[in-house]
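Protein chains in written order, with my numbering: chain U, -16 to 179; chain L, 217 to 383.
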């Protein structure tokens, strides 16, 4: 009878050439000894593959995130190797866990302290919508105080789901214009949250 | 002489007569009630009396009984005699329109934060408290959330955005 396990039952020969993942070059014009492309594509590629996450973990989703950072799921594969525990250096705020109303101003302060460009992932039901805490003390989703780019559902989400959320964010980052902060739409969004 | 529930009851009745009432012993813990104006006198007696010596305030909180007209809010003191390891529970009742209760902070310093918490959640106004303001909830909150007129899942709330989550 075949084993139900699908992984690691047919050992492969090591292949150093094709197993090392390298981000594909953006579209452009290649000639002998040169390559031209748009600056925005290069910057998008660089930003996408070197996101600095700022974990804002308050509860069980944070534990899942720790598993995501660990060796098995290895967040570093996506270029987000280094956690920065200061908002000044980071560009990806990951909010994991229940945010109480009293925590709201703290989270907002952290977001304001991040420099542009900055993105936010709301990991888990609580950060996205308040989750099961339909209560007087819990913020009903962090998008009430800061703009959110990607919502990751789950209570808590598995590490695969968090990785999926990060990859969705990478798609956003890659396609965004270099100076998103100058666009009128973005400024209006910030203004609607009262953030200058 | 060993301190027993009967003895505490006798001492209290000797001192206060009919004013302490409703003696019951759920799970062996002596529980009694006094008028709310008497709370400091009873607490002071329990603290000072050389036999009773209830010098430790374990807990202080309120309970809301919406159907108990005129006595909607109960303030409950849990006292502990650390020498004899005996506990008592002491209740006073206040109307929800006038939830004014004398503060126990002069007697038990630890009552400070407990009374702030009780004020925060039930709106009991502790007269004479040095710093009666909200302790756990956000300061902008304009109601007392543990009172039973506020349902646990309030469908009329405006801070909940259900559009995306299918509730």
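Quick reminder that beta carbons are idealized off the backbone N, C-alpha and C, glycines included.
All values reported here derive from a predicted model rather than from experimental measurement.
Span of the beta strand (DSSP E), counted from its first residue to its last, around residue i
| i | result |
| --- | --- |
| residue 102 of chain U | 102 to 106 |
| residue 176 of chain U | First-last for residue 176 of chain U: undefined, no H or E at that position. |
| residue 249 of chain L | 246 to 250 |
| residue 14 of chain U | 12 to 14 |
| residue 220 of chain L | Neither: residue 220 of chain L is in no beta strand (DSSP E) and is coded neither H nor E. |
| residue 36 of chain U | 36 to 40 |
| residue 270 of chain L | Unbroken run through residue 270 of chain L: none, as it is neither H nor E. |
| residue 17 of chain U | 17 to 19 |
Classification of residue i by the beta-carbon crowding that lies within 10 angstroms, buried from 16 upward
| i | result |
| --- | --- |
| residue 383 of chain L | For residue 383 of chain L, the pLDDT reaches just 43, beneath the cut-off of 50, and the residue's location in the model is therefore unreliable, leaving the point undetermined. |
| residue 51 of chain U | buried |
| residue 138 of chain U | exposed |
| residue 314 of chain L | exposed |
| residue 267 of chain L | exposed |
| residue 179 of chain U | exposed |
| residue 301 of chain L | exposed |
| residue 346 of chain L | exposed |
| residue 165 of chain U | exposed |
| residue 312 of chain L | buried |
| residue 349 of chain L | exposed |
| residue 359 of chain L | exposed |
| residue 226 of chain L | exposed |
| residue 167 of chain U | exposed |
| residue 15 of chain U | exposed |
| residue 281 of chain L | exposed |
| residue 249 of chain L | buried |
| residue 142 of chain U | buried |
| residue 6 of chain U | exposed |
| residue 236 of chain L | buried |
| residue 123 of chain U | buried |
Reduced DSSP secondary structure (H/G/I, E/B, other) of residue i
| i | result |
| --- | --- |
| residue 345 of chain L | coil |
| residue 237 of chain L | strand |
| residue 306 of chain L | strand |
| residue 165 of chain U | helix |
| residue 318 of chain L | strand |
| residue 357 of chain L | coil |
| residue 340 of chain L | coil |
| residue 56 of chain U | coil |
| residue 63 of chain U | coil |
| residue 255 of chain L | helix |
| residue 139 of chain U | coil |
| residue 284 of chain L | coil |
| residue 295 of chain L | strand |
| residue 278 of chain L | strand |
| residue 25 of chain U | helix |
| residue 335 of chain L | helix |
| residue 134 of chain U | strand |
| residue 352 of chain L | coil |
| residue 323 of chain L | coil |
| residue 50 of chain U | helix |
| residue 83 of chain U | strand |
| residue 289 of chain L | strand |
Residue from the options with nearest C-alpha to residue i
| i | options | result |
| --- | --- | --- |
| residue 109 of chain U | U:178, U:102, U:101, U:120 | U:120 |
| residue 343 of chain L | L:221, L:298, L:321 | L:321 |
| residue 66 of chain U | U:48, U:82, U:80 | U:48 |
| residue 35 of chain U | U:62, U:131, U:91, U:174 | U:62 |
| residue 323 of chain L | L:264, L:354, L:338, L:283 | L:264 |
| residue 64 of chain U | U:33, U:87, U:78, U:86 | U:33 |
| residue 271 of chain L | L:278, L:261, L:280, L:279 | L:261 |
| residue 103 of chain U | U:38, U:114, U:141 | U:38 |
| residue 100 of chain U | U:26, U:57, U:22, U:10 | U:26 |
| residue 333 of chain L | L:237, L:245, L:275 | L:275 |
| residue 269 of chain L | L:290, L:232, L:223, L:236 | L:223 |
| residue 244 of chain L | L:221, L:252, L:232 | L:221 |
| residue 310 of chain L | L:331, L:287, L:225, L:234 | L:287 |
| residue 105 of chain U | U:54, U:40, U:89, U:159 | U:40 |
| residue 258 of chain U | U:70, U:154, U:81 | A question about residue 258 of chain U goes unanswered here, because the residues of chain U that appear run from -16 up to 179. |
| residue 246 of chain L | L:253, L:335, L:292, L:278 | L:292 |
| residue 355 of chain L | U:147, U:116, U:93, U:88 | U:88 |
| residue 129 of chain U | U:148, U:112, U:90, U:158 | U:90 |
| residue 146 of chain U | U:71, U:44, U:158 | U:44 |
| residue 77 of chain U | U:132, U:118, U:160 | U:132 |
Start-to-end residues for the alpha helix (DSSP H) that takes in residue i
| i | result |
| --- | --- |
| residue 151 of chain U | 142 to 158 |
| residue 76 of chain U | First-last for residue 76 of chain U: 75 to 79, but that is the beta strand (DSSP E), not the alpha helix (DSSP H). |
| residue 94 of chain U | 87 to 96 |
Cβ of residue i within 8 Å of any chain B Cβ
| i | result |
| --- | --- |
| residue 120 of chain U | Here chain B cannot be found, since the structure's protein chains are U and L. |
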